[in-house]
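Asker: Can you read through this structure? Questions will come right after.
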Amino acid sequence: MHRPDRRFVLSAADGGALEAALPQADPPPGAKPRGSREIGREEMTALHRAVAAVRYADSRHGGGSAQAQAAAHLLDQWVRPMLGRPLTDDRQRELCAVSAELARLAGWAALDTGRHSAARHYFDRALYWARTANAPDLTAYVLTTAALHTTLYGRPGDALALIDGALGTAGHVHARVVGFTKLVEARAHARAGDARAVAAALTTAERLLDKPCSHGAPEWIDFFTHPRLAADAAEIHRDLGDVRACLAWHEQASAMAPNAFTRSVGLRLTVVATVHLKAGDLEQSLALGHRALDILRYVDSNRARDYVRRLAVGLTSHRTLRAVDAFLARLRQEFAPAGHPAPVA
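Here the sequence shown is numbered in the working numbering, starting from 280 and rising by one per residue.
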């Protein structure tokens, strides 16, 4: 895991406006402290730009990358000091919402690197800031992210309780945000083995994704598109053991661009490679496995390594075959699979 890169954050902010928000350790004698002046629109624009850059970089480079780790740095070193400066009510709500976004991103980076206690800590902070900002969309999204965390690491019952909390504000939340919540609900039901509940939640997620709305969706939910829904649906049906449905959803997800959604595309290819292996199609499993390694080899993500590890475990019984042995050798050289994910205490 890398340390946050200050140059990355400043370049993402596009100039000195965010630099001006940094607390100065030793101001000149008699100088007016920077923290005493009001926060201008230019600073806020730069901050929003930096947050968006961190969000997109996480998807491309993984939670262990310097870019993704910059979320916690932005929150603690830049945004929190700004909250001590003169603020209008609107500006305070805006900064609290930014704090919620950054804490959620920091939690996701922690999840992606196997630091589950840290992830829960950041999600709790994100929920506090979202509620303080009086931002129902963000509140629902943070609860949904926390639900996805508990789903991925074996606690679908706890995830469904968090989903209920997120849906409790549905009347005040954008349809696309609720749609993503229903998608995560489908993932939790799949882990619990409830195919009927999966079908209902997934159908609702699709309907809400297409639902017209009088006001635009938040920028941070722009990743939730039909290809992203299809990618998750492929994994959902893998969990249910439905090979045919998994492969059909996989085809619908093919429009996802690996240069923008690098980790997601690589994870999906690994999931489908595992499904082909279980179905006895070793050739297709290896082909997708190699494509996944091509995409994921530069992504710093323990979660991705765990997906690859599961594929490698399944292939071990075929290692006497030259093609399988070559794949496992490549994996050892380029993408050493991690051990089991850290337990969720």
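Don't be surprised by glycine CBs; every beta carbon is placed ideally from N, CA and C.
Quick check on glycine 545: does DSSP put it in helix, strand or coil?
Answerer: Three-state DSSP puts glycine 545 in a helix.
Asker: Please look up how many angstroms separate the CB atoms of threonine 418 and arginine 470, rounded, as I've assumed it's under 8 angstroms.
Answerer: Going by Cβ atoms, the distance from threonine 418 to arginine 470 rounds to 24 angstroms, so no, they are not a contact pair.
Asker: Closest to alanine 412 by CA distance: which of Ala405, Arg394, Ala376 is it?
Answerer: The option with the nearest alpha carbon to alanine 412 is Ala376.
Asker: Helix, strand or coil, according to DSSP, for tyrosine 432 in the structure here?
Answerer: Three-state result, tyrosine 432: coil.
Asker: Between the beta-carbon of alanine 480 and the beta-carbon of proline 435, is there less than 8 angstroms?
Answerer: Cβ distance not < 8 angstroms, so alanine 480 and proline 435 don't count as in contact.
Asker: Could you tell me the alpha carbon to alpha carbon distance between glutamine 346 and valine 358, rounded to whole angstroms?
Answerer: Near 17 angstroms, if we compare the C-alpha coordinates of valine 358 and glutamine 346.
Asker: Tell whether a beta-carbon distance below 8 angstroms holds between alanine 379 and alanine 398.
Answerer: Not closer than 8 angstroms, so no.
Asker: Measure the Cβ-Cβ separation of valine 457 and leucine 422 and say whether it is below 8 angstroms.
Answerer: Result no, Cβ atoms of valine 457 and leucine 422 do not sit closer than 8 angstroms.
Asker: Just the C-alpha distance for arginine 342 and glutamate 464, rounded to the nearest angstrom, thanks.
Answerer: Note that residue 342 is glycine in the sequence shown here, rather than arginine. About 23 angstroms.
Asker: Using a threshold of 8 angstroms, state whether the C-beta atoms of arginine 582 and aspartate 391 are closer than that.
Answerer: Yes, Cβ-Cβ distance for arginine 582 and aspartate 391 is below 8 angstroms.
Asker: Taking 8 angstroms as the cut-off, does the stretch 437-457 touch the stretch 585-592 (at least 3 CB pairs, one atom from each stretch)?
Answerer: The stretch 585-592 is not in contact with the stretch 437-457.
Asker: What span of residues does the alpha helix (DSSP H) with tyrosine 586 cover, start to end?
Answerer: 581-594 is the extent of the alpha helix (DSSP H) around tyrosine 586.
Asker: Can you tell me the Cα-Cα spacing of alanine 647 and glutamate 498, whole angstroms?
Answerer: Within the shown structure, residues of the chain are numbered from 280 to 624, placing residue 647 beyond reach of any answer.
Asker: Measure the Cβ-Cβ separation of phenylalanine 614 and leucine 548 and say whether it is below 8 angstroms.
Answerer: The answer is no: Cβ separation not under 8 angstroms.
Asker: Give the single residue among Leu610, Glu317, Tyr335, Met323 whose Cα lies nearest to the Cα of phenylalanine 540.
Answerer: Looking at the Cα atoms, Tyr335 is the closest of the given residues.
Asker: Determine the extent of the alpha helix (DSSP H) in which tyrosine 577 is found, giving its start and end residues.
Answerer: Unbroken run through tyrosine 577: none, as it is neither H nor E.
Asker: Pairing CB atoms from the stretch 524-533 with CB atoms from the stretch 506-516, are three or more of them under 8 angstroms?
Answerer: Short answer: they touch.
Asker: With a Cβ-Cβ cutoff of 8 angstroms, do leucine 565 and valine 603 count as a contact?
Answerer: Yes, these two residues count as a Cβ contact at 8 angstroms.
Asker: For leucine 610 versus valine 587, is the C-beta spacing smaller than 8 angstroms?
Answerer: It is a contact, given that the beta carbons lie within the stated cut-off.
Asker: I'd like to know if the stretch 350-366 and the stretch 382-389 are in contact, where contact means that at least 3 CB-CB pairs between them fall below 8 angstroms.
Answerer: Verdict: yes, contact present.
Asker: Can the beta-carbon of leucine 384 be found closer than 8 angstroms to that of valine 333?
Answerer: Result yes, Cβ atoms of leucine 384 and valine 333 sit closer than 8 angstroms.
Asker: Please list the segments of the alpha helix (DSSP H) lying wholly inside the stretch 362-440, counting only runs of 4 or more residues, in order along the chain.
Answerer: Within the stretch 362-440, the complete alpha helix (DSSP H) runs of at least 4 residues are 368-391, 395-411, 415-431.
Asker: Roughly how many angstroms separate the alpha carbons of glutamate 321 and leucine 366, rounded to a whole number?
Answerer: So the alpha carbons of these two residues sit roughly 15 angstroms apart.
Asker: May I ask you to report which of helix, strand or coil DSSP gives isoleucine 651?
Answerer: Outside the shown range of the chain, which is 280 to 624, sits residue 651, and nothing can be said about it.
Asker: Could you check if arginine 584 is buried or exposed, using at least 16 other CB atoms within 10 Å of its CB as the buried criterion?
Answerer: Per the 10 Å Cβ criterion, buried.
Asker: Suppose contacts are defined by Cβ-Cβ distances below 8 angstroms. Is glutamate 514 in contact with valine 550 by that definition?
Answerer: The answer is yes: Cβ separation under 8 angstroms.
Asker: Hey, could you find the ends of the alpha helix (DSSP H) arginine 470 is sitting in?
Answerer: Residues 454-471.
Asker: Pick helix, strand or coil for methionine 535, following the three-state DSSP scheme.
Answerer: Methionine 535: coil per DSSP, three-state reduction.
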